[in-house]
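Numbering (the working numbering), first residue to last: 537 to 863.
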């Protein structure tokens, strides 16, 4: 029996940010491709990966927003995780092969002391099962081939490490933790290192990202919710591209200054020096791009194209009176 060909999706320009609550079992790219298909978007990217084991906040960028997705890689993040004590696995999470089974003999006082030791600036050796590259090849590719390669330690910052719950005496001893950390922190490595410091080993059995930068899990929607929406609702679920620029100083240009800035020209004004500026046009109000200010000069950085601005205005306010292109 011949299979019925799948209908080809008619792609379209879509601009903005979707705050997705990534489900368990999907890679970040699989979740992105599903959302991209549901929105029929031409261009999409994410702001940093979550493992298939992990759930939670995954900002997805569409169209013009992809120009600024890299800015979000530096954002602090918050996770809630469960460390299963007594079992060490090959991947430092529940997907790996069990390597060692050790008794858990630590006390509450030892747990508190160890958690204090892992708060602040710490050194981590990236796990072999990670996307970090060595000699142009992802570490997980070496790991799948049964190879272990040398990895340089990296400094990261654990801003907060809170003990939410624990059981040190049951059949499945564990610690439940909340971690607020800097970019580049591997929570799997943190859990494994805590288990090792307690003398019993451990691995992550659960991981959920609850905050990344200015975005919290309560603001997110699931793929199931997105799929259940009518198409106009899906577009309405997108946040404006400038949501990625919440920590930028806003500057609004009026008249010809907006068009000249968009063409890459510097503008002069009574602005204080600033390294990160989000520049808007006034009529209609629309994001033009990023810049920095030095000695009264507004110096363009990443710019949207007039077409991207027009399409964003049409998408967010499809009223003909509000879709006048910025010259």
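Backbone N, C-alpha and C define an ideal beta-carbon position, used for all residues, glycine too.
Looking only at DSSP bridge pairs, what is residue i linked to?
i	result
residue 805	According to DSSP, residue 805 bridges with nothing at all.
residue 845	Note: residue 845 sits in no beta bridge, so no partner.
residue 742	618
residue 814	786, 826
residue 763	In the DSSP output, where bridge partners are listed per residue, residue 763 has none listed.
residue 625	634
residue 768	In DSSP, residue 768 forms no bridge with anything.
residue 748	613, 751
residue 836	827
residue 821	818
residue 548	577
residue 895	An answer regarding residue 895 cannot be provided, because it is not within the stretch 537 to 863 covered by the chain.
State the Cα-Cα distance for the pair residue i and residue j, rounded to the nearest angstrom.
i	j	result
residue 783	residue 609	14 Å
residue 709	residue 730	14 Å
residue 603	residue 638	48 Å
residue 612	residue 584	12 Å
residue 614	residue 571	23 Å
residue 828	residue 817	16 Å
residue 857	residue 819	Unreliable placement is indicated for residue 857, whose pLDDT of 36 sits below 50; the coordinate value is still reported in the next sentence. Going by the C-alpha atoms only, they are around 11 Å apart.
residue 692	residue 722	9 Å
residue 621	residue 651	14 Å
residue 641	residue 746	31 Å
residue 601	residue 778	8 Å
residue 725	residue 628	7 Å
residue 755	residue 643	38 Å
residue 599	residue 559	23 Å
residue 590	residue 744	5 Å
residue 740	residue 767	38 Å
residue 762	residue 597	15 Å
residue 635	residue 649	26 Å
residue 592	residue 685	31 Å
residue 772	residue 680	42 Å
residue 605	residue 580	10 Å
residue 546	residue 624	48 Å
residue 607	residue 707	44 Å
residue 810	residue 758	37 Å
residue 735	residue 588	28 Å
residue 802	residue 812	15 Å
residue 702	residue 633	24 Å
residue 737	residue 645	17 Å
residue 760	residue 557	10 Å
residue 705	residue 655	25 Å
residue 630	residue 711	15 Å
So, under 8 Å CB-CB, residue i and residue j are touching, yes? Tell me the CB distance rounded to an integer number of Å.
i	j	result
residue 732	residue 617	So it is not a contact: roughly 16 Å between Cβ atoms.
residue 555	residue 595	6 Å
residue 836	residue 797	6 Å
residue 774	residue 794	At roughly 23 Å, the Cβ-Cβ gap does not stay under 8 Å, so residue 774 and residue 794 are not in contact.
residue 781	residue 814	4 Å
residue 770	residue 575	6 Å
residue 727	residue 619	4 Å
residue 776	residue 826	Not really, about 14 Å apart at Cβ, beyond 8 Å.
residue 839	residue 800	7 Å
*Where in the segment 628-669 do unbroken runs of the beta strand (DSSP E), each at least 3 residues long, occur, reported from the N-terminal end onward?*
Within the segment 628-669, complete beta strand (DSSP E) segments of at least 3 residues are found at 634-637, 656-660, given in chain order.
*Segments assigned alpha helix (DSSP H), at least 4 residues, entirely inside the segment 552-614*: Listed in chain order, they are 564-575.
*Quick one: which unbroken beta strand (DSSP E) runs of 3-plus residues sit fully inside the segment 677-740? Chain order, please.*
Within the segment 677-740, the complete beta strand (DSSP E) runs of at least 3 residues are 690-703, 710-717.
*At a cut of 8 Å, does the segment 832-851 reach the segment 545-560 through at least three beta carbon pairs?*
In short, these stretches touch, since the Cβ pair count reaches three.
*Are at least three pairs of beta-carbons, each pair with one atom in the segment 559-566 and one in the segment 781-793, less than 8 Å apart?*
These segments do not touch.
_Meets three-Cβ-pair contact criterion under 8 Å: the segment 688-702 and the segment 713-725_ = Flag = yes, the segment 688-702 and the segment 713-725 touch.
*Three or more beta-carbon pairs under 8 Å between the segment 805-812 and the segment 829-841, yes or no?*
By the Cβ criterion, the segment 805-812 is in contact with the segment 829-841, since at least three pairs of Cβ atoms, one from each stretch, lie closer than 8 Å.
*Indicate whether the contact test is met: 3 or more Cβ pairs, each with one atom in the segment 640-659 and one in the segment 743-757, closer than 8 Å.*
With a cut-off of 8 Å, the segment 743-757 and the segment 640-659 do not count as touching, because too few Cβ pairs lie within range.
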